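Asker:
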Amino acid sequence: MARHTDGTEKRCAHRGALLHFLADPGSHSDPASFEFFADGLLVVDEGRVAAVGPAGELLASLPADLPIIEHGGDILMPGFIDTHIHYPQTDVIGSGGRQLLDWLEDHTFPAERRFSDPVHARSVAEFFLDELLRNGTTTAMVFCTVHRTSAEAFFDAALRRRMRMIAGKVLMDRNCPPDLRDSPAAGAQDTRELLEKWHGRERLQYAITPRFAATSSPEQLESAGRLAREFPDVLIQTHAAENLEEVAWVRTLYPDARSYMDVYDRYGLVRERALFAHCIHIDRLDRERMAKSGAAAAFCPASNLYLGSGLFDIAAADCAGMRFSIATDVGGGNSFSMLRTLGDAYKVAHLAGQHLPALRAFYLATLGAARILGLQHRVGRFSAGSEADFIVLDLKATPLIARRTAQARSLEERLLALLTLGDDRVIARTYILGRQVHGAPATARTNRNNSG
Ligand code: GUN
Ligand code: ZN
15 MARHTDGTEK RCAHRGALLH FLADPGSHSD PASFEFFADG LLVVDEGRVA AVGPAGELLA
75 SLPADLPIIE HGGDILMPGF IDTHIHYPQT DVIGSGGRQL LDWLEDHTFP AERRFSDPVH
135 ARSVAEFFLD ELLRNGTTTA MVFCTVHRTS AEAFFDAALR RRMRMIAGKV LMDRNCPPDL
195 RDSPAAGAQD TRELLEKWHG RERLQYAITP RFAATSSPEQ LESAGRLARE FPDVLIQTHA
255 AENLEEVAWV RTLYPDARSY MDVYDRYGLV RERALFAHCI HIDRLDRERM AKSGAAAAFC
315 PASNLYLGSG LFDIAAADCA GMRFSIATDV GGGNSFSMLR TLGDAYKVAH LAGQHLPALR
375 AFYLATLGAA RILGLQHRVG RFSAGSEADF IVLDLKATPL IARRTAQARS LEERLLALLT
435 LGDDRVIART YILGRQVHGA PATARTNRNN SG
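In case it helps, the working numbering puts the sequence shown at residues 15 to 466.
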């Protein structure tokens, strides 16, 4: 069997339980929205998915010398996609005390200052990417800092690992410490040069990244909107309507806007491939406008709880047709684990008098996020030709998880146990383009020797 120079097999198959989504299961867990094979097979060729299905059927059609990696009863699924996270806030996790605006001043801005140093930026980027992989996150939409060096360091580190990452240099030209400010012209120039260098390079994409309306002047949002029009396939990321004090402040800064979301809309930033973190304190018109434009919200439950920001309204989003994903928002969020974050989303839904089924939560963290980012043909689902970024979930990761999942009577119950009790310990292995990048080696044998 042909091998890559790094020793991994070019073509092989992974056998285990297998789950992936075809559509949004919605609040009623539509059984046609996912495929689950208790004994499944994922055939990988040159870093891409070649086939997926029940092991019994597929093995018979595959060559006798095909290497089979055995994952036992562990669950194979597409890698998680974290649609909102700040790599420079890795060291801010757990710095609490106060709500958003004070937290930014007290903890976040001081930490972000250090990213003018490319050596620091590089070392945090490497730690951050390791941590994503340990937690089963294979794609993320990432804020850098205002420093161009922070974006260069991040993209370069992701490129070397061949990871599918989206990132952008923060734009902020007011209401922040003077040494963290750019200007409309300099911010636009840096953005243009960075996106021309990195957007579409291998698996990397650029996101135009105004921090939030409060730290950008109208001139800066205007220039961000111009770039968004000039580069329609480039993504956009920012924060919106997270905290009541912030919302009131933005109202005074942009008195002519109907609402916080309307500020962004006026500058052409509400469009497809635009992702707005939080969107807690928005109204029906905002949601309908987002739905119509194709823009989406990133629901960040861990961060919203940690910073006391409020409860995202899933039912209102669904009612308006506004798409949303689920994201960690590290360092406002206190965990890199998408499993823990899905668990927090489940609880936030309950606090709001709503219900988030576990099946839907896993959809939102995989195919749902990929769709919002326009990546559904590349990642988030196992379809022929898609990129083989996937994870293996260990249902026996802890005695309690083993005990609880063994008693689960349905897939929904098992997934709910995983997002209630799980974290990085559940991620047994992570694969990028078919290459294992995290976890202990699994047992391999050839198809001929397989019990079938
Ligand atoms: N609003 C503006 N900047 C930030 C940030 O860094 N984190 C969060 N959670 N909200 C923000
Ligand atoms: Zn954020």
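Even for Gly, the Cβ is constructed at its ideal location relative to N, Cα and C. Keep in mind it's a predicted model, so treat the numbers as computed, not measured.
What's the C-alpha gap between D297 and T434?
Answerer: Each residue's alpha carbon lies about 30 Å from the other.
Asker: In angstroms, rounded to a whole number, what distance separates the CA positions of D270 and F290?
Answerer: Taking the straight line joining both Cα atoms gives about 21 Å.
Asker: DSSP state of L356, grouped into three classes?
Answerer: Residue state, collapsed to three classes: helix.
Asker: Which ranges does the alpha helix (DSSP H) cover as unbroken runs of at least 4 residues, wholly within the region 175–217, from first to last along the chain?
Answerer: You should have 198–212.
Asker: Using a threshold of 7 Å, is the CB atom of H98 nearer than that to any non-hydrogen atom of ligand 2?
Answerer: Because some heavy atom of ligand 2 lies under 7 Å away, the Cβ of H98 counts as near it: yes.
Asker: Buried or exposed: which applies to D437, given that a residue is buried once 16 or more other Cβ atoms fall within 10 Å of its Cβ?
Answerer: Answer is buried; the Cβ neighbour count reaches 16.
Asker: Could you give the first and the last residue of the continuous alpha helix (DSSP H) run that contains C333?
Answerer: 328–334 is the extent of the alpha helix (DSSP H) around C333.
Asker: With a threshold of 7 Å (Cβ to nearest heavy atom), would F141 be considered close to ligand 2?
Answerer: Checking every heavy atom of ligand 2 against the Cβ of F141, none is found closer than 7 Å.
Asker: Please identify the residue among H161, R176, I180, H292 whose C-alpha is closest to the C-alpha of L321.
Answerer: Comparing Cα positions, the closest option is H292.
Asker: Nearest by alpha-carbon distance to Y377: which of R29, C26, K24, D38 is it?
Answerer: For Y377, the nearest C-alpha among the options comes from D38.
Asker: Closer than 7 Å: is that where the CB of D247 sits relative to any heavy atom of ligand 1?
Answerer: The answer is no for D247.
Asker: So G382 is in the alpha helix (DSSP H); what residue range does that whole segment cover?
Answerer: Counting along the chain, the alpha helix (DSSP H) containing G382 begins and ends at 381–386.
Asker: Run through DSSP, which three-state label would F338 get?
Answerer: Strand.
Asker: For E1, which residues in the same chain have their Cβ closer than 7 Å to its Cβ, ignoring the five residues on either side in sequence?
Answerer: With the chain covering only 15 through 466, there is no way to say anything about residue 1.
Asker: For a quick check, are the C-beta atoms of M352 and A379 less than 8 Å apart?
Answerer: Yes, Cβ-Cβ distance for M352 and A379 is below 8 Å.
Asker: Beta-carbon of L218 versus every beta-carbon of chain D: anything under 8 Å?
Answerer: Annotation note: the requested chain D is absent from the structure, which comprises a single protein chain.
Asker: For E216 versus S323, is the C-beta distance shorter than 8 Å?
Answerer: Not closer than 8 Å, so no.
Asker: Just to check, is the beta-carbon of A291 closer than 7 Å to a non-hydrogen atom of ligand 2?
Answerer: Flag set: Cβ of A291 near ligand 2.
Asker: Return helix, strand or coil for L36, following the three-state DSSP convention.
Answerer: Reduced to three states, the DSSP call for L36 is coil.
Asker: Terminal residues of the continuous alpha helix (DSSP H) containing P92?
Answerer: From DSSP, P92 is part of no alpha helix (DSSP H) but of the beta strand (DSSP E) over 81–92.
Asker: Would the C-beta of H161 count as close to ligand 1, meaning under 7 Å from any of its heavy atoms?
Answerer: The answer is no for H161.
Asker: Which value, in whole angstroms, describes the spacing of the CA atoms of P533 and T355?
Answerer: With the chain running from 15 to 466 in the structure shown, residue 533 is simply not present.
Asker: Determine the direct distance from the alpha carbon of A420 to that of S130, and round the result to whole angstroms.
Answerer: Cα to Cα, the separation comes out at about 50 Å.
Asker: Can you check the region 393–465 for any beta strand (DSSP E) of at least 3 residues that lies completely inside it and give the ranges in chain order?
Answerer: Counting whole runs of 3 or more residues, the region 393–465 contains the beta strand (DSSP E) stretches 404–407, 441–446, 449–453, 457–460.
Asker: Assign E71 to one of two classes, buried (16 or more other C-beta atoms within 10 Å of its C-beta) or exposed (fewer than that).
Answerer: With fewer than 16 other Cβ atoms within 10 Å, it is exposed.
Asker: Quick one: is C314 buried, meaning 16 or more other Cβ sit within 10 Å of its Cβ, or exposed?
Answerer: Label assigned to C314: buried.
Asker: In the structure shown, what three-state DSSP assignment does H161 receive?
Answerer: Three-state result, H161: coil.
Asker: In the structure shown, what three-state DSSP assignment does G30 receive?
Answerer: In the structure shown, G30 sits in a strand (DSSP, three-state: E or B).
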